[in-house]
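Participant:
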Amino acid sequence: MRWHLSHSRKGSSQRVIFLGILASLVVSVPVGSHGESAKNDTPVRYLPDLKVWVLDTARASYEIGVNERNELQTVYWGEKLSSDHGFSAARSHPEHASFDSSETMTNSEYPGWGGKYYNEPTLKVTLADGDRDLVLKYADQTIRGNTLVIRLRDIQYDLFVNLIYTVFTEEDIIRKQAEIENRTSQVATVESAQSGVWNVPQGEGYRLTYLTGRWAGETQVTREPINPGKKVLESRRGTTSPELNPWFAIDEGGEADEQHGRVWFGALGWSGNWKLTVEDTPPSHQVRVTGGYNDFDFSWPLQPGESLATPAFYGGFTKQGFGEASRLLHRFERSEILPDHAHPRVRPVLYNSWEATTFNVNEEGQKALAEKAAKLGVELFVMDDGWFGKRNNDHAGLGDWYVNPQKFPHGLQPLISFVNSLGMDFGLWFEPEMVNPDSDLYRRHPDWVMNFPGGPRCEARHQLVLNMARDDVKEYIFGVLDKMLSTNDIKYIKWDMNRHFSEPGWPEVPVVEQKEIWVKYVRNVYEIMDRLRAAHPKLEIESCSGGGGRVDLGILERVDEVWTSDNTDAFDRLRIQEGFSFAYAPKIMSDWVTDVPSLNGRSTPLKFRFLVAMQGALGIGANLNKWSTEDFALATRMVSYYKSLRETVQGGDLYRLFSPREGNSTANEYVSRDGKQAALFSFLDSQQSLWPTPTICLRGLEEKALYRISTIDDKLMVPPGIRVAEGVSGSFLMHHGLDLNLRGDYDSTLVILERAE
Ligand code: GLA
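Residue 427 is where the sequence shown starts when you use the working numbering, and the numbers rise one by one after that.
See below:
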């Protein structure tokens, strides 16, 4: 069953959705009853004698139990426990002192803020009568297939929490989600709503890996030991943000590498204000990660009968290092998250006009670029910013989503038909959530931006943020986009967002509801995307926020591709793309080949730029009017190589062999899921003293299989006796390895392996 809580509505309708789901779940077993435990090859089992649930994936087990105080407790998370004799019941941790209660020492699965609990809570509520003490105990459970719903109730009030666990067996991933239901007769104001907690085994010496960055420098791998206290990773900016990404990995002793070591990892599916609290709680040295909506400036009054659903919080475990953790997530995204998960499609080779023309787009110029792009083998032509309203620079036009009549006197359709006649699909840039003060929309509706009445409206890139939490604004934006898609043959939207929130006021609703803006904004953006996709089933969407500022497992349910960074410098991209690949699949990582010198003034050869960009969803963003005949020849060859191995790059397993963070060589290998093809991308950035590039031992091949080797140039140093065209054993390739003659600055090569049948 592929189901999880809808983010589309608050209140009674959401409650109906949830109760509908509960009604469809058939097995309901009260704890303590002596039912038969299910066979141990089912993803969710209840062991009644122990009062525990076992959530089994292919290689990992997650165990939850009800302890003697009737609290829900994490019992185990790690390598698969293969025998039922290996399970234990939940038992609370003894009190350490009167200061450190048993409740706070025990690994609660979903701790409310109340009683003697002092760690990060998952839920904090104030009732209208002033009561702020929330102590959640087990109520009942329902199991169906790979889904377990456990229901908790406050010891005093009819406040319920439904914890929904879904097991993704093959990818070793479990999804947690919570729904808070107010069945009291008074308003319950939720002040913190987290999706859940991931507790790793008790102990010291853990290390945290996470992704930091900024505009033009996203997804940088960052590592540090986890010490007592809290480390908060978060966004308070309204969207996911390039500064921090809602993904984490924790390894033991800081000793895991790409191939070895126990790694616990997780990610939040939410594109608004989020928070991950990594906590090493004294005095027990218990490391846990709590995640969900950011509780900063958060307040959600639940009327009697209403409910609030949290984002999905995913967790996984592997004992095969960070490489396998990433591969599991990539597979999971491809097979469960992305819009094409049921019927995967390859990502087309894309051309984007932005770096070539910036705002100076017109029919003639775009047609000239399209003609050249088609000759290279491009399949999707995307016109970027500048085509609408009075958009000649970034000072005006956002919000006016009508075609600029000077630039396109006959509308867009002549250009689109021309692009289609060249065999390419057409895509268009929008920034739907924004408005320039110099726009017709803002002049008509100055109240549509988020604001505190009478206060300043801070601009960034000369633009303001529309209050997408308002349903009238949502409907207007949906209508405008839907009309554009209905009247033009647009297959692809690049959906941009070029600033973060400021003055998040919503004066039109009662003060007590105004802080809901953070969540409702995101839900409405999701809803627009979902409705557009439903109305235009062939539509694809790219998520962009000045680069990779909005990539997370929430937006990825509704977009096909992500713009990785506005920094297209190929050398910088090696690190950005490496970090991206820790959490996100290469398939969605949009990479363009652009002109040099790049943003930072650096020049790299065209081959190097292509090979960097071919490691994800290849695009070209150069000014093709300036390319030489040699550039065209090389580019055409590279696009054709890419097409011959893109299913392997986009749908295969990635092995990061040499990291750009460690030395001057980078190497990445992709192996197709059927094992028939592998591609090795290798880069050298600044050779010194003629030191050769290290021998590269491949991974993920079959020891005894033979692989035919081909290369795009003469960089492979073939040892005597090895016949590359006839076949070299996987064993040779993985243990002896390959030597490549890369030299000087920004040298690179591609080696392709085909398994001989
Ligand atoms: C953002 C995007 C760019 C481009 C510009 C257009 O910066 O990241 O790719 O679309 O906006 O204004």
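We treat Cβ as the ideally placed atom computed from N, Cα and C, and that holds for glycine.
1. Is DSSP giving R869 helix, strand or coil here?
2. Mind listing, in chain order, the residues whose beta carbon lies closer than 6 Å to a non-hydrogen atom of the ligand GLA?
3. In the DSSP assignment, the beta strand (DSSP E) including L589 goes from what residue to what residue?
4. What residue from E939, D566 and A1043 has the CA that sits closest to A1011's CA?
5. Pick out whichever of H711, V480, F1006 and F691 has its Cα sitting closest to the Cα of G655.
6. Considering only C-alpha positions, which residue in the set T1074, S1091, M1064 and V1144 is nearest to G1126?
7. For the beta strand (DSSP E) containing R1082, name the first residue and the last one.
8. Within 10 Å of its beta-carbon, does V938 have 16 or more other beta-carbons around it, so buried, or fewer, so exposed?
9. How about G717 and L694: are their beta carbons less than 8 Å apart?
10. Quick check on the DSSP output: what are the complete beta strand (DSSP E) runs of length 3 or more inside the stretch 633-684, in order along the chain?
11. Going by Cα to Cα distance, which pick from P1023, L854 and V945 is closest to S697?
12. Spatial neighbours of E1180 within its chain, please: CB distance less than 6 Å, with the 5 preceding and 5 following residues excluded, ordered by chain position.
13. On a CA-only basis, which of L1168, S865 and S843 is nearest Y828? Give me that one, please.
14. Rounded to whole angstroms, what is the Cα-Cα separation between R817 and T784?
15. Does the Cβ of E1183 have 16 or more other Cβ atoms within 10 Å, making it buried, or fewer, making it exposed?
16. Helix, strand or coil for Q712? Go by DSSP, reduced to three states.
17. Pull up the CB-CB distance for T736 and Q620, whole angstroms please, since I reckon it's below 8 Å.
18. Tell me the rounded alpha-carbon separation between V1144 and L1132.
19. How about P672 and T595: do their beta carbons lie closer than 8 Å?
20. Could you give the DSSP three-state label for V804: helix, strand or coil?
21. Quick check on DSSP: helix, strand or coil for S969?
22. Please confirm if the stretch 481-490 is in contact with the stretch 736-745, defined as three or more CB-CB distances below 8 Å between the two stretches.
23. Check whether the stretch 999-1017 and the stretch 928-935 are in contact - that is, three or more C-beta pairs closer than 8 Å.
24. Using the Cβ count rule (16 or more neighbours within 10 Å means buried), how would you classify E901?
25. Return the first residue and the last residue of the beta strand (DSSP E) that M1015 is part of.
26. Hey, would you say N893 sits closer than 8 Å to F834, going by beta carbons?
27. Let me confirm a value: L509 is counted as buried when at least 16 other C-beta atoms fall within 10 Å, else exposed. Which label applies?
28. Would S725 pass as a contact of W700 if the rule is Cβ separation under 8 Å?
29. Using 10 angstroms around the beta-carbon of T532, count the other beta-carbons present and answer buried if the total reaches 16, otherwise exposed.
30. Would you list the one or two residues that DSSP bridges to K563?
31. Verify whether the separation of the beta carbon atoms of L806 and V1065 is less than 8 Å.
32. Got a sec? Which residues, its chain only, sit under 7 Å from K563 by beta carbon, not counting five neighbours each side?
33. According to DSSP, simplified to helix, strand and coil, what is L1179?
Facilitator: If we stick to the structure as given:
1. For the purposes of this step, residue 869 is taken as residue 443 along the sequence shown, with counting starting at 1. Here DSSP, grouped into helix, strand and coil, assigns R869 to helix.
2. Qualifying residues, in the order they occur: W780, D810, D811, W855, D922, N924, C970, G972, G973, W989 and D992.
3. The residue labelled residue 589 in the question sits at position 163 within the sequence shown. Looking at the DSSP string, the run of the beta strand (DSSP E) that includes L589 is L585 to F594.
4. Position 585 of the sequence shown holds residue 1011. Per the C-alpha coordinates, the member of E939, D566 and A1043 positioned closest to A1011 is A1043.
5. As a working mapping, residue 655 is identified with position 229 in the sequence shown. With distances taken between CA atoms, G655 lies nearest to H711 out of H711, V480, F1006 and F691.
6. Counted from its first residue, the sequence shown places residue 1126 at position 700. Of T1074, S1091, M1064 and V1144, the residue nearest in Cα terms is T1074.
7. For this step, residue 1082 is matched to residue 656 along the sequence shown. Unbroken beta strand (DSSP E) run through R1082: D1079 to F1084.
8. For the purposes of this step, residue 938 is taken as the residue at position 512 of the sequence shown. Burial call: exposed.
9. Within the sequence shown, residue 717 is the residue found at index 291, counting from 1. Within the sequence shown, residue 694 is the residue found at index 268, counting from 1. Taking 8 Å as the Cβ cut-off, G717 and L694 qualify as a contacting pair.
10. 646-651, 655-660 and 670-678
11. Locating residue 697 in the sequence shown gives position 271, counting from the first residue. Nearest C-alpha to S697: V945.
12. The sequence position of residue 1180 within the sequence shown is 754, counting from 1. Answer for E1180: Q1103 and R1134, listed in chain order.
13. Position 402 of the sequence shown, counting from 1, holds the residue named residue 828. Considering only alpha carbons, the answer is S865.
14. Position 391 of the sequence shown, counting from 1, holds the residue named residue 817. Position 358 of the sequence shown, counting from 1, holds the residue named residue 784. Those two C-alpha atoms are separated by around 11 Å.
15. Indexing the sequence shown from 1 puts residue 1183 at position 757. Exposed, since its Cβ has fewer than 16 Cβ neighbours within 10 Å.
16. By one-based count along the sequence shown, residue 712 stands at place 286. Correct three-state label for Q712: strand.
17. One-based indexing of the sequence shown puts residue 736 at position 310. One-based indexing of the sequence shown puts residue 620 at position 194. 7 Å between Cβ atoms; contact.
18. Residue mapping note: residue 1144 aligns to position 718 of the sequence shown, counting from 1. Residue mapping note: residue 1132 aligns to position 706 of the sequence shown, counting from 1. Near 16 Å, if we compare the C-alpha coordinates of L1132 and V1144.
19. Working through the sequence shown from its first residue, we reach residue 672 at position 246. Working through the sequence shown from its first residue, we reach residue 595 at position 169. No, they are not a contact pair.
20. Taking the sequence shown and counting its residues from 1, the one referred to as residue 804 is at position 378. Correct three-state label for V804: coil.
21. Working through the sequence shown from its first residue, we reach residue 969 at position 543. Strand at S969.
22. yes
23. In short, these stretches do not touch, since the Cβ pair count stays below three.
24. Within the sequence shown, the letter at position 475 stands for residue 901. Exposed: under 16 other Cβ atoms inside 10 Å.
25. Here residue 1015 corresponds to residue number 589 of the sequence shown, with the count starting at 1. From DSSP, the beta strand (DSSP E) with M1015 extends over M1015 to V1019.
26. Working through the sequence shown from its first residue, we reach residue 893 at position 467. Working through the sequence shown from its first residue, we reach residue 834 at position 408. For N893 and F834, no; Cβs fall outside 8 Å.
27. Position 83 of the sequence shown holds residue 509. Per the sequence shown, residue 509 should be read as Ser rather than Leu. So S509 counts as exposed.
28. In the sequence shown, counting from the first residue as 1, residue 725 sits at position 299. In the sequence shown, counting from the first residue as 1, residue 700 sits at position 274. Cβ atoms of S725 and W700: not closer than 8 Å.
29. In the sequence shown, the residue the question calls residue 532 occupies position 106. Answer is buried; the Cβ neighbour count reaches 16.
30. As a working mapping, residue 563 is identified with position 137 in the sequence shown. Note: K563 sits in a beta bridge opposite R579.
31. The residue you call residue 806 lines up with position 380 of the sequence shown. The residue you call residue 1065 lines up with position 639 of the sequence shown. Remark: C-beta atoms of L806 and V1065 do not approach each other more closely than 8 Å.
32. Taking the sequence shown and counting its residues from 1, the one referred to as residue 563 is at position 137. Apart from the 5 residues on each side of it in sequence, K563 sits with its Cβ closer than 7 Å to the Cβ of N496, E497, L578, R579 and I581 in its chain, given in chain order.
33. One-based indexing of the sequence shown puts residue 1179 at position 753. The answer is strand: DSSP assigns L1179 an E or B state.
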